[in-house]
Amino acid sequence: MSLFDFVEGREGYYGEYGGTFLPEILTATIEELRLCFRSSKEDPAFWAEFAELMHTYSGRPTPVSYLENLSNKLGGARIFVKREDLNHTGSHKINNVMGQGLICKRLGKKRVIAETGAGQHGFATATMAARFGFDCKIYMGEVDIARQRPNVFWMENLGAEVVSVTDGQRTLKDAINECLRDWVTNMGDTHYVLGTACGPHPFPEMVSFFQSIIGKEAREQILKEAGKLPDRVFACVGGGSNAIGIFQGFIDDNVELVGVEAGGYGAGSGLHASRLAYEDASVGVAQGFKTYFLQNDDGNMLETHSIAAGLDYIGINPILTDLWEKQRVRFEAATDEMVRDTLKLVMRTEGLIPALESTHAFAQAVLEAPKMSKHEVILVNQSGRGDKDIFTVADAIEDDHWKQFIKDKAVEYGA
Amino acid sequence: MAPEQVSLEKYLRDRLRHKDLLLMTHVVCGYPSFEANWRELEIMAEFDVDLVELQFPFSEPSADGPLFVKANQEAISNGVSPADCFGFMRKVSEHFPFKVLMMGYYNTAFKMGAETFVKRLAEAGGCGYILPDLPVEEAGELHELSRPKDLASIVLMTPTNTEARLKILGEAAEGFVYAVARKGVTGGKTEMGDDLDAFVSRCRAHTRLPIGVGFGVSQKSDLDFLRGKADIAIIGTAALKAWEEGGGDNLRSLLGSLV
Chain A
-7 MSLFDFVEGR
3 EGYYGEYGGT
13 FLPEILTATI
23 EELRLCFRSS
33 KEDPAFWAEF
43 AELMHTYSGR
53 PTPVSYLENL
63 SNKLGGARIF
73 VKREDLNHTG
83 SHKINNVMGQ
93 GLICKRLGKK
103 RVIAETGAGQ
113 HGFATATMAA
123 RFGFDCKIYM
133 GEVDIARQRP
143 NVFWMENLGA
153 EVVSVTDGQR
163 TLKDAINECL
173 RDWVTNMGDT
183 HYVLGTACGP
193 HPFPEMVSFF
203 QSIIGKEARE
213 QILKEAGKLP
223 DRVFACVGGG
233 SNAIGIFQGF
243 IDDNVELVGV
253 EAGGYGAGSG
263 LHASRLAYED
273 ASVGVAQGFK
283 TYFLQNDDGN
293 MLETHSIAAG
303 LDYIGINPIL
313 TDLWEKQRVR
323 FEAATDEMVR
333 DTLKLVMRTE
343 GLIPALESTH
353 AFAQAVLEAP
363 KMSKHEVILV
373 NQSGRGDKDI
383 FTVADAIEDD
393 HWKQFIKDKA
403 VEYGA
Chain B
192 MAPEQVSLEK
202 YLRDRLRHKD
212 LLLMTHVVCG
222 YPSFEANWRE
232 LEIMAEFDVD
242 LVELQFPFSE
252 PSADGPLFVK
262 ANQEAISNGV
272 SPADCFGFMR
282 KVSEHFPFKV
292 LMMGYYNTAF
302 KMGAETFVKR
312 LAEAGGCGYI
322 LPDLPVEEAG
332 ELHELSRPKD
342 LASIVLMTPT
352 NTEARLKILG
362 EAAEGFVYAV
372 ARKGVTGGKT
382 EMGDDLDAFV
392 SRCRAHTRLP
402 IGVGFGVSQK
412 SDLDFLRGKA
422 DIAIIGTAAL
432 KAWEEGGGDN
442 LRSLLGSLV
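Protein chains in written order, with my numbering: chain A, -7 to 407; chain B, 192 to 450.
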């Protein structure tokens, strides 16, 4: 099936979801972007340029590794992992960012803006801007800046200006609003590098296109490594870009696709970011597109929570919503507690340090693997690495030695 | 074919027979409070304002500048709901001589359902709505439902629109056309000059409706510039700013300086 064969007159719609809901002032800018992306997508030389760039700059293809220890310990399906954490800047975010860098060049624009939650996307965008020679401004919620200083440090040192967003909940969604405000003002010379497969058309399609490199590689690799296609593929879902990236490789195969959302404190707690796995979300239109949002009866957005800042978002990729409704993708949620336990397990048994976001995918796989047969194969997308988020991870697993180190360091800085 | 004339258009045309430039103002419902809104509206009525936008607060006001963002946010945290706004609108439309429009973001209407939205808006005495994040392509259902209720769906024209796009917008417009004077969000400054003049003329070429100009219209010289070019001057942020800085007296002196 092609996800992007749009019904006549319904370009940008996936079933009932997606679309373009923007202020009129952006119509010409979005149209310019849509046409540029369309011609780039249809140009085989463009994909070749992109793949070459990802090879030389980010170390692609990232490997698929067999987790023998973990598989044996759980005693069920064989577990393999796609190592997106090995990308430059430590996550799959770079795939989208470098792709949009090439688009920005084709558009002839000299300035990029981006929102960031955890900081991964902002970090990747700052890297791309330095490489391509673009001016770069990153909008980041005040709360996230406080949580993710190391990423802010890198963004600033890469030459980006990081703007603290103090409106609303002061997190990812508010940073997106601030980007839209910048864009309606500066669209003439500015490209908005949206970080996930959300927002107005053509962003969901464009981000999915660049992230499809994950699934393309993974399908080939797993056939070689496991000798067969996986029975189930697990990916964490915040906005949904790594998930749609790997899922596209297996969309036409008899492979079960599982999206894992942030369960936070669990169903019914009101403190989570599960749009589809739990029953709190409903269909709405915000931030440029139609999908399931965590919102109240008045249509105002709710507070969200996750141990992983990168999953902490009110909406979800409209393509995944449609695939969920068509029962092509199953949705589950992993709670903060499951994530903490799974991270420790994966570190100890395999020496891997997945990002807290990616650990959600592992958590669900670890839950299901023992109930599967030894002949079955699981593929987990490790979308990012956890070691660079040492502050967050140390907090999450409550490491006392780390706390002492920080206290000593504070004394050294004269606190 | 031109759509049937809604009564908002007729009202504006009647007013334009006696005034060369009408005035539309704006309040954010429930910010700082409904009581304060009422006092603002009383002052606006003193100055014979023709039309008022009542903004229904939304949690993601991405087309608004800092002052309205804060107003939206605080109204929501004070518990202001669409039901409260409709209730307030009803009182306003019954009491004041000016006409009222709902202004807000599409999700407010979408979440309650298009049918409920138009029904409640009509019952509250509103004469139309401005939903800046609802493009005309997506507004079909709402337009259909609005027509029998005599509600005008206000279309925005912007300086970045192509001629082809302005034509589409012109064909969809009802009541009046809201011409956005510049790029950016609400509340910034706009240079009143040849570019704006040319833009309003471009809008005029694509609509027979009255044209209101908003975004950065804040002082007497702006209105003087617009007189003879536009039909309605739209004062948004400037009124709230005046109120915030010096309450009723300040708002009164702002409006006094304008008319």
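Glycine residues also receive a C-beta, built at the ideal position from the N, C-alpha and C atoms.
Beta-ladder partner(s) of residue i, from DSSP
{"i": "residue 79 (chain A)", "result": "According to DSSP, residue 79 (chain A) bridges with nothing at all."}
{"i": "residue 429 (chain A)", "result": "In the structure as shown, chain A begins at -7 and stops at 407. Residue 429 (chain A) is therefore absent and cannot be evaluated."}
{"i": "residue 287 (chain A)", "result": "A:293"}
{"i": "residue 246 (chain B)", "result": "B:219 and B:294"}
{"i": "residue 253 (chain A)", "result": "A:325"}
{"i": "residue 226 (chain A)", "result": "A:250 and A:372"}
{"i": "residue 369 (chain B)", "result": "B:347 and B:403"}
{"i": "residue 6 (chain A)", "result": "A:9"}
{"i": "residue 57 (chain A)", "result": "A:73"}
{"i": "residue 282 (chain A)", "result": "A:10 and A:277"}
{"i": "residue 321 (chain B)", "result": "B:294"}
{"i": "residue 184 (chain A)", "result": "A:105"}
{"i": "residue 265 (chain A)", "result": "A:254"}
{"i": "residue 214 (chain B)", "result": "B:424"}
{"i": "residue 377 (chain A)", "result": "A:346"}
CB of residue i within 8 angstroms of CB of residue j, strictly
{"i": "residue 90 (chain A)", "j": "residue 46 (chain A)", "result": "yes"}
{"i": "residue 203 (chain A)", "j": "residue 237 (chain A)", "result": "yes"}
{"i": "residue 239 (chain A)", "j": "residue 321 (chain A)", "result": "yes"}
{"i": "residue 294 (chain B)", "j": "residue 245 (chain B)", "result": "yes"}
{"i": "residue 322 (chain B)", "j": "residue 368 (chain B)", "result": "no"}
{"i": "residue 304 (chain A)", "j": "residue 230 (chain A)", "result": "yes"}
{"i": "residue 280 (chain A)", "j": "residue 194 (chain A)", "result": "no"}
{"i": "residue 218 (chain B)", "j": "residue 197 (chain B)", "result": "no"}
{"i": "residue 356 (chain A)", "j": "residue 329 (chain A)", "result": "no"}
{"i": "residue 376 (chain B)", "j": "residue 346 (chain B)", "result": "no"}
{"i": "residue 251 (chain B)", "j": "residue 296 (chain B)", "result": "yes"}
{"i": "residue 57 (chain A)", "j": "residue 73 (chain A)", "result": "yes"}
{"i": "residue 272 (chain A)", "j": "residue 247 (chain A)", "result": "no"}
{"i": "residue 18 (chain A)", "j": "residue 179 (chain A)", "result": "yes"}
{"i": "residue 290 (chain B)", "j": "residue 318 (chain B)", "result": "yes"}
{"i": "residue 447 (chain A)", "j": "residue 5 (chain A)", "result": "For chain A, the structure presents residues -7 to 407; residue 447 (chain A) sits outside this window and is missing."}
{"i": "residue 190 (chain A)", "j": "residue 307 (chain A)", "result": "yes"}
{"i": "residue 425 (chain B)", "j": "residue 215 (chain B)", "result": "yes"}
{"i": "residue 346 (chain A)", "j": "residue 196 (chain A)", "result": "no"}
{"i": "residue 62 (chain A)", "j": "residue 349 (chain A)", "result": "no"}
{"i": "residue 140 (chain A)", "j": "residue 301 (chain A)", "result": "yes"}
{"i": "residue 118 (chain A)", "j": "residue 137 (chain A)", "result": "no"}
{"i": "residue 257 (chain B)", "j": "residue 378 (chain B)", "result": "yes"}
{"i": "residue 128 (chain A)", "j": "residue 110 (chain A)", "result": "no"}
Residue i, buried or exposed, once every other Cβ within 10 Å from all chains shown has been counted against 16
{"i": "residue 264 (chain A)", "result": "buried"}
{"i": "residue 376 (chain A)", "result": "buried"}
{"i": "residue 415 (chain B)", "result": "exposed"}
{"i": "residue 266 (chain B)", "result": "buried"}
{"i": "residue 105 (chain A)", "result": "buried"}
{"i": "residue 54 (chain A)", "result": "buried"}
{"i": "residue 66 (chain A)", "result": "buried"}
{"i": "residue 193 (chain B)", "result": "Low confidence applies to residue 193 (chain B): its pLDDT is 46, below 50, so where it sits in the model is not reliable, and the reading given next is rough at best. Residue 193 (chain B) is exposed by the Cβ-count criterion."}
{"i": "residue 145 (chain A)", "result": "exposed"}
{"i": "residue 430 (chain B)", "result": "buried"}
{"i": "residue 318 (chain A)", "result": "exposed"}
{"i": "residue 157 (chain A)", "result": "buried"}
{"i": "residue 183 (chain A)", "result": "buried"}
{"i": "residue 15 (chain A)", "result": "buried"}
{"i": "residue 231 (chain B)", "result": "buried"}
{"i": "residue 64 (chain A)", "result": "exposed"}
{"i": "residue 113 (chain A)", "result": "buried"}
{"i": "residue 209 (chain B)", "result": "exposed"}
Chain D residues whose Cβ lies nearer than 7 angstroms to that of residue i
{"i": "residue 246 (chain B)", "result": "Judged by its chain identifiers, the structure shown contains no chain D, and its protein chains are A and B."}
Contact test: residue i Cβ vs the ligand FAD heavy atom, cutoff 7 angstroms
{"i": "residue 160 (chain A)", "result": "This structure lacks the ligand FAD, and indeed carries no ligand of any kind."}
Query - Validate contact between the segment 25 to 44 of chain A and the segment 331 to 347 of chain A using beta carbons, cut 8 angstroms, 3 pairs - result: no
Query raised in the report: How about the segment 379 to 396 of chain A and the segment 355 to 371 of chain A: do they share at least three Cβ pairs that are nearer than 8 angstroms?
Result: no
Query raised in the report: Should the segment 388 to 397 of chain A be called in touch with the segment 359 to 367 of chain B, which here means at least 3 C-beta pairs below 8 angstroms?
Result: no
Query raised in the report: Any contact of the segment 408 to 428 of chain B with the segment 371 to 385 of chain B, i.e. 3+ C-beta pairs under 8 angstroms?
Result: yes
Query raised in the report: Is there contact here, the segment 280 to 294 of chain A with the segment 211 to 230 of chain A, by at least three beta-carbon pairs under 8 angstroms?
Result: Short answer: they don't touch.
Query raised in the report: Would you call the segment 253 to 267 of chain A and the segment 263 to 283 of chain B touching, i.e. three or more CB-CB distances under 8 angstroms?
Result: Cβ pair count under 8 angstroms is below three, so no.
Query - Whole runs of the alpha helix (DSSP H) within the segment 384 to 445 of chain B, excluding any shorter than 4 residues - result: Correct list: 385 to 395 and 411 to 417.
Report task. Entirely within the segment 115 to 181 of chain A and at least 4 residues each: give me those alpha helix (DSSP H) ranges in chain order. Result -> 134 to 139, 141 to 149 and 164 to 178
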